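*Asks:*
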DNA sequence: ATAATTTTTGACCATTTGGAAAAATATTAG
DNA sequence: CTAATATTTTTCCAAATGGTCAAAAATTAT
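Protein chains in written order, with the numbering used here: chain R, 1 to 210; chain A, 1 to 210.
What follows is the structure, given as structure tokens:
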């Protein structure tokens, strides 16, 4: 068995182990941020020894880098799917739904992203200024067009998108607070269903014309 | 000069130094979180030596604790001010305004809070389950009453409050991303004015009856 | 089986970090 | 001024941390 390259995993076992490690790293990084996380914590979560982690990833940085890279693809997708030719209200509702599902299904990724932003986005600032900005510019134009056509109430498209990001990601990033405030088990269990209803109403009622 | 107690600062110089240190600590903690921050970083920001910091604060923990305590008072105030006897739309608009002003004027406090929540709120979980929950319960009742009286469109009061928290704090916590996406200087300069307009429209239009 | 290769780990290292102790310096009281 | 007190810094330490290395264990190929 040859190890042709230490970057790309070849064997199935290598892929699996790298995934196990990434999973543990996500758990730790998303909670403590990059600086606040230790290899020991990650090793503990992964159930292997610290040097074994460094056998698969050359450094703590490299693990974090791969996590962030994988994250960004997934992060941009929901907005990319917004279709200029669809019905404005339906498209925006669907976007909210997608983002809320991401908050529900990938809360740790959301927190990883939040942590990165809090620290000044050192690893993704170029991406924010480039890919992300381009994508938002494009979709903001789409929304602005809908508004010009009288199919949506006029408001600032950029800040509209910010509001959608904020409200949906809040359910991942501030989950502890939300559960604390909701208090009773039933409300906690239904929090994402309730959130969806509320957000639909919030955005649709304010964007519907007339 | 007597040092009666090492908890409460007596002299003006002690108060000043403690403030300088807290200021530096806020700067560092809000960016890197508790674990990710070092006494050296704080000392550097404060312009004094590390042991000198520990002369005023017994430990890193104690500094963080005082910051969090000071923060929470300020954090609950805007919601407390919401008046059951006022006009619903005006009260909610004013609440949004207050929260947005906090995001604008105290972004580091907002990020400190965000960091604490991301880490599972270890230092304030009791406060969230106690004071915060009680306050939100009370205000949610007020809002629910307004809705029952037909003065606001019905929606879940808790999730309405969450939405206001999310949208306003987003402008502090995700400032890097917002500035990156807005790109041009003019839009960045006006971001809080634009945000206020947009949020008023978002919430007022969706909550107004009829 | 056995040799070659891959995977895993225990022992170790240099640096960073939170913090202690004590000496040195500055300030204030008399 | 002098003594008492308060502040600051220099020096140091033990633990934690990111990472190395060689040996051991497991796997694979023949």
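A virtual CB, placed ideally from N, CA and C, is assigned to each residue, including glycine.
Note that the coordinates shown come from a computational prediction; the quantities given were computed from them, not determined experimentally.
Which chain A residues are close to residue 176/R, counting only those with a beta carbon under 8 angstroms from its beta carbon?
*Replies:* Locating residue 176/R in the first chain gives position 176, counting from the first residue. The answer, in chain order, is 117, 120, 121, 125, 128.
*Asks:* Kindly indicate which three-state DSSP category residue 90/A falls into: helix, strand or coil?
*Replies:* Residue numbering aside, residue 90/A sits at position 90 when the second chain is read from its first letter. Helix.
*Asks:* If we define contact as Cβ-Cβ less than 9 angstroms, is residue 111/A a contact residue for chain R?
*Replies:* Here residue 111/A refers to the residue found at position 111 of the second chain. It does: the Cβ of residue 111/A has a partner Cβ on chain R nearer than 9 angstroms.
*Asks:* List, in chain order, every chain A residue whose beta-carbon is nearer than 7 angstroms to that of residue 201/R.
*Replies:* As a working note, residue 201/R is residue 201 in the first chain. Going along chain A in sequence order, the residues near residue 201/R (Cβ under 7 angstroms) are 155, 206.
*Asks:* Mind checking which residues open and close the alpha helix (DSSP H) that includes residue 202/R?
*Replies:* Position 202 of the first chain, counted from the first residue, corresponds to residue 202/R. Segment 191–207, the alpha helix (DSSP H) holding residue 202/R.
*Asks:* Is the beta carbon of residue 93/R closer than 9 angstroms to that of residue 181/R?
*Replies:* Here the question's residue 181/R lines up with position 181 in the first chain. Here the question's residue 93/R lines up with position 93 in the first chain. No; because the gap between Cβ atoms is not below 9 angstroms, this pair is not in contact.
*Asks:* Straight-line CA distance for residue 63/A to residue 53/A?
*Replies:* Along the second chain, read from residue 1 onward, the residue named residue 63/A stands at position 63. Along the second chain, read from residue 1 onward, the residue named residue 53/A stands at position 53. The straight-line gap from Cα to Cα measures roughly 9 angstroms.
*Asks:* I need the straight-line Cα distance from residue 188/A to residue 16/R, nearest angstrom please.
*Replies:* By 1-based counting over the second chain, the position of residue 188/A is 188. By 1-based counting over the first chain, the position of residue 16/R is 16. Between residue 188/A and residue 16/R, the C-alpha separation is close to 44 angstroms.
*Asks:* Give a yes or no on whether the C-beta atoms belonging to residue 89/A and residue 208/A are separated by under 9 angstroms.
*Replies:* For the purposes of this step, residue 89/A is taken as the residue at position 89 of the second chain. For the purposes of this step, residue 208/A is taken as the residue at position 208 of the second chain. Result yes, Cβ atoms of residue 89/A and residue 208/A sit closer than 9 angstroms.
*Asks:* Judging by CA-CA distance, which residue of 81/A, 160/A, 109/A is the nearest neighbour of residue 25/A?
*Replies:* If you number the second chain from 1, residue 25/A lands on position 25. Checked all of 81/A, 160/A, 109/A; the closest Cα to residue 25/A is 109/A.
*Asks:* How would you write the range of the alpha helix (DSSP H) that residue 78/A sits in, first residue to last?
*Replies:* Working through the second chain from its first residue, we reach residue 78/A at position 78. From DSSP, the alpha helix (DSSP H) with residue 78/A extends over 60–80.
*Asks:* Grab the span of the alpha helix (DSSP H) containing residue 178/R for me, first residue to last.
*Replies:* Within the first chain, numbered from 1, the residue matching residue 178/R stands at position 178. Unbroken alpha helix (DSSP H) run through residue 178/R: 175–182.
*Asks:* Under 6 angstroms Cβ to Cβ from residue 171/A, same chain only, skipping five residues before and after it: list those, please.
*Replies:* As a working mapping, residue 171/A is identified with position 171 in the second chain. Same-chain partners within the cutoff: 103, 195.
*Asks:* Between the C-alpha atoms of residue 13/R and residue 159/R, what's the straight-line distance to the nearest angstrom?
*Replies:* Walking along the first chain from the start, residue 13/R turns up at place 13. Walking along the first chain from the start, residue 159/R turns up at place 159. One C-alpha to the other measures close to 46 angstroms.
*Asks:* Assuming residue 167/R contacts residue 49/A under a Cβ cut-off of 8 angstroms, what Cβ separation, rounded to an integer in Å, is found between them?
*Replies:* Residue mapping note: residue 167/R aligns to position 167 of the first chain, counting from 1. Residue mapping note: residue 49/A aligns to position 49 of the second chain, counting from 1. Residue 167/R to residue 49/A, Cβ: 45 angstroms. No contact.
*Asks:* For residue 40/A, return the contacting residues in chain R, with the cut-off set at a CB-CB distance below 7 angstroms.
*Replies:* Working through the second chain from its first residue, we reach residue 40/A at position 40. What residue 40/A touches in chain R: nothing, since even the nearest Cβ is about 13 angstroms away.
*Asks:* Measuring only between beta-carbons, confirm whether residue 64/R sits less than 9 angstroms from chain A.
*Replies:* As a working note, residue 64/R is residue 64 in the first chain. No, residue 64/R does not count as interfacial toward chain A.
*Asks:* Report the residue from 148/R, 155/R, 18/R, 140/R whose alpha carbon sits nearest the alpha carbon of residue 58/R.
*Replies:* The count along the first chain starts at 1 and reaches residue 58/R at position 58. It is 18/R whose Cα lies nearest to the Cα of residue 58/R.
*Asks:* Let me confirm a value: residue 61/A is counted as buried when at least 16 other C-beta atoms fall within 10 Å, else exposed. Which label applies?
*Replies:* As a working mapping, residue 61/A is identified with position 61 in the second chain. Exposed, because fewer than 16 other Cβ atoms sit within 10 Å of the Cβ of residue 61/A.
*Asks:* Mind the definition here: the stretch 66–79 of chain A touches the stretch 37–48 of chain A only if three or more C-beta pairs lie below 8 angstroms; say whether that holds.
*Replies:* Output reads no: the stretch 37–48 of chain A does not touch the stretch 66–79 of chain A.
*Asks:* Among 183/R, 28/R, 46/R, 152/R, which residue has its Cα nearest to the Cα of residue 84/R?
*Replies:* Against the first chain, residue 84/R aligns to sequence position 84. Here the closest residue by C-alpha is 152/R.
*Asks:* Measure the C-alpha to C-alpha separation of residue 165/A and residue 55/R and round it to an integer number of angstroms.
*Replies:* Residue 165/A sits at position 165 when you count from the first residue of the second chain. Residue 55/R sits at position 55 when you count from the first residue of the first chain. One C-alpha to the other measures close to 43 angstroms.
*Asks:* For chain A, find out if any of its Cβ atoms is closer than 9 angstroms to the Cβ of residue 43/R; answer yes or no.
*Replies:* Taking the first chain and counting its residues from 1, the one referred to as residue 43/R is at position 43. Chain A, which has no Cβ nearer than 9 angstroms to the Cβ of residue 43/R, makes this no.
*Asks:* Distance cutoff 9 angstroms, beta carbons only. Does residue 2/A sit that close to anything in chain R?
*Replies:* As a first step, residue 2/A is located in the second chain; it is residue number 2 there, counting from the start. The predicted position of residue 2/A is uncertain, since its pLDDT is 34 and thus under 50; no value can be drawn from it.
*Asks:* Under 8 angstroms between beta-carbons, which chain R residues line up against residue 185/A? List them in chain order, please.
*Replies:* Locating residue 185/A in the second chain gives position 185, where the first residue counts as 1. By Cβ distance, chain R contributes nothing, its closest Cβ being about 14 angstroms from residue 185/A, past 8 angstroms.
*Asks:* Quick one: does residue 35/A have its CB under 9 angstroms from some CB of chain R?
*Replies:* Position 35 of the second chain, counted from the first residue, corresponds to residue 35/A. Interface residue, yes.
*Asks:* DSSP on residue 106/R, reduced to helix/strand/coil?
*Replies:* For the purposes of this step, residue 106/R is taken as residue 106 along the first chain, with counting starting at 1. Residue 106/R: coil per DSSP, three-state reduction.
*Asks:* So, helix, strand or coil for residue 153/R, using DSSP?
*Replies:* What you label residue 153/R is simply residue 153 of the first chain in a count that begins at 1. Coil.
*Asks:* Helix, strand or coil for residue 168/R per DSSP?
*Replies:* As a working note, residue 168/R is residue 168 in the first chain. Residue state, collapsed to three classes: helix.
*Asks:* I need the boundaries of the alpha helix (DSSP H) containing residue 135/R, first residue and last residue.
*Replies:* Within the first chain, numbered from 1, the residue matching residue 135/R stands at position 135. Unbroken alpha helix (DSSP H) run through residue 135/R: 133–148.
*Asks:* Taking the alpha carbon of residue 125/R as the reference point, which residue from 155/A, 95/A, 176/A has its own alpha carbon closest?
*Replies:* Taking the first residue of the first chain as position 1, residue 125/R is located at position 125. When only C-alpha atoms are compared, the closest one is 176/A.
*Asks:* Under the rule that 16 or more other beta-carbon atoms within 10 Å means buried, what is residue 184/A, buried or exposed?
*Replies:* Along the second chain, one-based indexing puts residue 184/A at 184. Burial call: exposed.
*Asks:* Measure the alpha-carbon distance for residue 142/R versus residue 45/A and round it to whole angstroms.
*Replies:* Here residue 142/R refers to the residue found at position 142 when the first chain is read from its first residue. Here residue 45/A refers to the residue found at position 45 when the second chain is read from its first residue. Approximately 45 angstroms, taken between the alpha carbons.
*Asks:* Taking only beta-carbon positions, decide if residue 194/R is within less than 9 angstroms of chain A.
*Replies:* Mapped onto the first chain, residue 194/R falls at position 194. Residue 194/R counts as touching chain A.
*Asks:* Can you tell me whether DSSP reads residue 56/R as helix, strand or coil?
*Replies:* Taking the first chain and counting its residues from 1, the one referred to as residue 56/R is at position 56. Here residue 56/R sits in helix by DSSP.
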